[in-house]
Ligand code: GH3
Ligand code: MG
Ligand code: MG
Ligand code: MG
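Numbering (full-length UniProt numbering), first residue to last: 1 to 304.
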């Protein structure tokens, strides 16, 4: 099996204080999975953070940080809270098993392990994980344009609001609304309107192309571009690129009162979040006010 096929079958982190146990589990899994291992709890947490495995096989009894403490720490960090954990342990009383499941373990395998049982239980958990990941991705994506949806935007702006606020970094928001889109639909039809939204969304993504930028469909023909760690000057630069990208698309809008091409108006807000006394609604309100101004000033422009 090639490396990429192994990656398809999931990355598994095996945690056990006895190398012998790691070797047994590794032998059972290595043909179909990429296997990482850790000999203690704190190394396991570091690896989980850095490598984001799809599944963790966790020994319950370890010196220092035991399996329950590791599980608790995994659940507490947002980056690792979604990783399923199977407890692998010689403690097999119903109390032990319930305690592991109550702590948030997805499953429980007793030692000495049987390779076929390990493989079957791992497959089940990886399937569940894959479905959960797909469902989450779907719940955060706009189905027409493929960009983030309003829910994803709300999650992200609140996180960035707190993160940039704590670090005293600026953040910016551009709210964009397509000009005279109702007339576009009326003239070219709703399907052409849909195709247009897809093209426009891609143009926004080209204009805001850093890894931390987020383009989201905010409403019907409204988009939000969230620019963490960006000041007013950087945001204006992105807004100008949006105007240029849309002009380059050259989508005809024969019945627009303000331009022969499809255009967008934008409102920009940029500030260092005062996250202790205000919420991200402050930023959205400011961008919305500026958007209103851009419309009033004649459209196909940005205001701040
Ligand atoms: P303005 O320049 O003032 O923004 O005018 P507008 O016509 O764009 O504004 P208005 O809010 O009156 O109309 C928005 C239009 O966007 C109406 C609606 O049919 C269209 N729209 C919203 N969502 C979709 C969609 O998913 N597909 C299509 N094709 N049209 C949509
Ligand atoms: Mg042990
Ligand atoms: Mg609108
Ligand atoms: Mg509009």
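The beta carbon of each residue, even a glycine, is placed where N, CA and C say it ideally should be. Remember, predicted model here, so these are calculated numbers, not experimental data.
Pull up the distance between the alpha-carbon of residue 304 and that of residue 33, whole angstroms please. 51 angstroms
So, for residue 11: in the same chain, excluding its five sequence neighbours on each side, which residues have a beta-carbon less than 6 angstroms away from its beta-carbon? 34, 53, 54
So does residue 288 have its beta carbon nearer than 6 angstroms to some heavy atom of ligand 4? no
Find the nearest neighbour of residue 19 within the set 62, 188, 71, 50, judged by alpha-carbon distance. 62
Enumerate, from N- to C-terminal direction, the unbroken alpha helix (DSSP H) stretches of 4 or more residues contained entirely within the region 162-222. 181-188, 190-207
Taking Cβ to Cβ, would you say residue 174 is nearer than 7 angstroms to residue 268? yes
From the DSSP output, read off the bridge partner residues of residue 303. 267
Given that a residue counts as buried once 16 or more other Cβ atoms are within 10 Å of its Cβ, and exposed if not, what is residue 138? exposed
Answer yes or no: the CB of residue 185 versus the heavy atoms of ligand 1, is any distance below 6 angstroms? yes
At 4 residues or longer, and completely inside the region 40-86: list those alpha helix (DSSP H) runs for me, N to C. 41-51, 67-76
Can you look up residue 249 in the DSSP assignment and give me helix, strand or coil? helix
Rank 9, 155, 72 by C-alpha distance to the C-alpha of residue 130 and give the top, closest one. 9
Classify residue 140 as helix, strand or coil using the three-state DSSP reduction. coil
Tell me the residue span of the alpha helix (DSSP H) that contains residue 287. 281-296
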